[in-house]
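In this note's numbering, the protein residues as written are 210 to 1080. C-beta atoms are modelled at their ideal positions from N, C-alpha and C, and glycine is treated no differently. In what follows, a structure is listed as structure tokens, so that the remarks can point back to it.
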């Protein structure tokens, strides 16, 4: 077991050695690797700090093993892995420590690299196979592509020199068993392990091995391509689609050059006589694809293979899925279905003079010499290395007195680097606090919308201040802006919005500029911009069209709408008329629309100085809400102009249906004759008859039974007749009780009836629908699908119910049709229309009419019973 003194000596040795990395590493990756090495030294330094040099580290063995396990788990796929950089001082330190703590029967390599199960050949125990006198020669091994077996590099090169069949399975019968299990990436790693020396050795070895089986045919070349594809595929390497382009790239380029130099129209021998490019597979794959189709799919994805425009279009149209394994199988199937491809020789002019291959002996000596001091390999994956290193520091910081945040801080060079810390919010806060003085120096804000909520309010504000220009450049579309704003909190949120708006304001010089901006930024940002444009109102709001379009562009809840209305108030009377008012009105929220209505009422009323002017405006605005307000003005200023029943009839003719009852209720005393009553009745909507009859003083012009009979005969409804009857008694009609009873005693059938046009009150439905629209407006800006459709449906129903050209029955039918439409929509998705607020409102409104009808009949029956008791 190692002592504190021995570990200290190892630290002195390896910390003093210069760490040499590949010159092909980028600066960021190099810095991360250097920091990882520094952390490894720091870990072991902290472990023995302030301890007696002669003391043993027996009790610390588990800590060391745990750290080595964590380190291997995070770095095994990177170019810092032991077998990719065996002579890195930090790796050598870990190796020496593992050798020192290994038990008598414990393999050093399994302490260093937990998870190893053996060599890539049949082998004895790893300790026996890989160690010599307690030393594990790290430089003589690489890890296989599955990261679970060691590949003995020197041994394989030495074996290959004797017999390539023991190492390379290519072209051999299936029952031949090679000694070493090597995947496509494994062979590539062997080629790279000793740089130029191993690359030359493997290339010569492959050529010598191929020459044993190559009959110089198109078929054999195609077989080699298919074989390399299979080695590069998911099935072999475990990656995705083009699993390992580096493995297969050379084979594709070689076959591309061969294919381009084949004679045009080269055909298979008799009796097939089909051009090889047009060969297709029978009962396999897509029937319309040819051999050339699959080859074009390969060539198109190789940077050094050029396609003609026609070939490129064809490849795009055929759209073969770029799976190395599938294409490999298809090429093998071509060879199975067309074995004559092996009989089709490659013409001599297509081949170079036979190459004189060097002897493998001297090449092997060069490889073995380089292995003894081999440099860093770059066949690993350093993507995400920073995240792996941060994880290593986090997981091992339990055993390390230096805080993880202190060691991680230097790695943060962009805000994106913080993404590696989101799994631990406390560590994120600690690192952010240390990095905060450097926020302005961080190189990128890309993706900060996913991270910004992890920062404190104060840090968010600082980021907005020091990275404002970068944020604006990165979040330059409405969608991106909204993502960022959704995760910002005040004061940073409002600060960023105000700063962003301030940057946009100078570009707004016309209404068109503002409307163009509304297409690219969010509504809240647009409101912020508009809030600072008051000095430009005279230009922006100088016409009806501009004002209407700007109101539509502003957000539904914007306070700017009120400012717009206040500014254009003096112009509204000139701009708005009965023809364009609705378009302007509909661009507003219900609350702003109410303000517009109030303004217009004030403007119109202030310009009326005579009954004649009043009448002109009243007629002009007959189809709008203003008639109700103008009636109020009539009652206040010009009521004396309605002197008699004829004047009242004239007023009713000019009045919108929904407001006629309002006029009647004010001037009902003028209807003091049967003739005036009948004329006014023809002008009143059926839905108002009940209230209309309740208003009329029939006893002022009806004095006899016959006169009353003529009045009640105008109505079919017993309900309406009873309203009239309640004003009379035998004394008023100068008749006996029997005569009165004979007139009023009608047969009544007490039963629930379906709603008919006699009991349908459009105004009740209108009132409820207007309340519904008002409630839905706040949601309208956020949900623009079903909610929007329902609001539009409600508005459409209101317009139909207000349309004087429609009969009562047609209005009733419109409500029923709307109900049915909602019901069908819900049935189509297997749900109930009861989930629709609009459906419930319509249904409830109609049901109330049914209940009202039933209540009336009950009251009437009680009245009769009471009358009989009096008699």
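Cβ distance (whole Å) where residue i is taken to contact residue j below 8 Å
| i | j | result |
| --- | --- | --- |
| residue 872 | residue 840 | 6 Å |
| residue 345 | residue 317 | 4 Å |
| residue 904 | residue 877 | 5 Å |
| residue 729 | residue 687 | 6 Å |
| residue 1052 | residue 1028 | 7 Å |
| residue 369 | residue 376 | 4 Å |
| residue 555 | residue 430 | 7 Å |
| residue 952 | residue 917 | 7 Å |
| residue 833 | residue 894 | Contact flag wrong, Cβ pair sits at about 18 Å. |
| residue 302 | residue 249 | 7 Å |
| residue 863 | residue 828 | 5 Å |
| residue 205 | residue 287 | The question about residue 205 has no answer here: the residues shown for the chain are numbered 210 through 1080. |
| residue 613 | residue 643 | So it is not a contact: roughly 11 Å between Cβ atoms. |
Burial state of residue i (16 or more Cβ within 10 Å)
| i | result |
| --- | --- |
| residue 519 | exposed |
| residue 292 | buried |
| residue 699 | exposed |
| residue 482 | exposed |
| residue 1067 | Summary for residue 1067: the model assigns pLDDT 45, below 50, so the residue's position carries little reliability; its value from the coordinates is reported in the next sentence. Exposed, since its Cβ has fewer than 16 Cβ neighbours within 10 Å. |
| residue 226 | exposed |
| residue 349 | buried |
| residue 492 | exposed |
| residue 410 | buried |
| residue 422 | exposed |
| residue 971 | buried |
| residue 329 | buried |
| residue 229 | exposed |
| residue 583 | buried |
| residue 655 | exposed |
| residue 354 | buried |
| residue 530 | exposed |
| residue 935 | exposed |
| residue 992 | With a pLDDT of only 36 at residue 992, under 50, the local geometry of the prediction cannot be trusted, and the value read off the model is given with reservation. By the 10 Å Cβ count, residue 992 comes out exposed. |
| residue 1060 | Bear in mind that the predicted position of residue 1060 carries a pLDDT of just 47, short of 50, making it unreliable; the figure below should be weighed with that in mind. Exposed, since its Cβ has fewer than 16 Cβ neighbours within 10 Å. |
| residue 264 | exposed |
| residue 339 | buried |
| residue 922 | exposed |
| residue 392 | buried |
| residue 343 | exposed |
| residue 854 | buried |
| residue 593 | exposed |
| residue 358 | buried |
Neighbour flag for residue i against chain B, beta carbons, 8 Å
| i | result |
| --- | --- |
| residue 389 | Going by chain labels, chain B is absent from the structure shown, which holds only one protein chain. |
Per DSSP, cross-strand counterpart(s) of residue i
| i | result |
| --- | --- |
| residue 826 | Note: residue 826 sits in no beta bridge, so no partner. |
| residue 499 | 489 |
| residue 484 | 476 |
| residue 554 | 426 |
| residue 358 | 327 |
| residue 265 | 212 |
| residue 345 | 340 |
Opening and closing residue of the beta strand (DSSP E) in which residue i lies
| i | result |
| --- | --- |
| residue 352 | 350 to 352 |
First and last residue of the uninterrupted alpha helix (DSSP H) at residue i
| i | result |
| --- | --- |
| residue 620 | Per DSSP, residue 620 belongs to no alpha helix (DSSP H) and is neither H nor E. |
| residue 915 | 914 to 921 |
| residue 589 | Where residue 589 is concerned, there is no enclosing alpha helix (DSSP H), given that its DSSP letter is neither H nor E. |
| residue 283 | 270 to 284 |
| residue 545 | 533 to 546 |
| residue 245 | 236 to 257 |
| residue 898 | 898 to 904 |
| residue 662 | It is not in any alpha helix (DSSP H) - residue 662 carries neither H nor E in the DSSP assignment. |
| residue 884 | 883 to 892 |
| residue 774 | 769 to 784 |
| residue 311 | Here residue 311 belongs to no alpha helix (DSSP H), and DSSP marks it neither H nor E. |
| residue 678 | 677 to 683 |
Indicate whether the contact test is met: 3 or more Cβ pairs, each with one atom in the segment 598 to 608 and one in the segment 282 to 302, closer than 8 Å. yes
Taking contact to mean at least 3 C-beta pairs separated by less than 8 Å, is the segment 728 to 747 in contact with the segment 709 to 717? yes
Should the segment 669 to 684 be called in touch with the segment 635 to 644, which here means at least 3 C-beta pairs below 8 Å? No contact exists between the segment 669 to 684 and the segment 635 to 644.
At least three beta-carbon pairs within less than 8 Å, the segment 230 to 248 to the segment 609 to 629: With contact defined as three or more Cβ pairs closer than 8 Å, the segment 230 to 248 and the segment 609 to 629 are in contact.
contact_flag[the segment 396 to 407, the segment 521 to 530] where n(CB pairs < 8 Å) is 3 or more: Verdict: no, contact absent.
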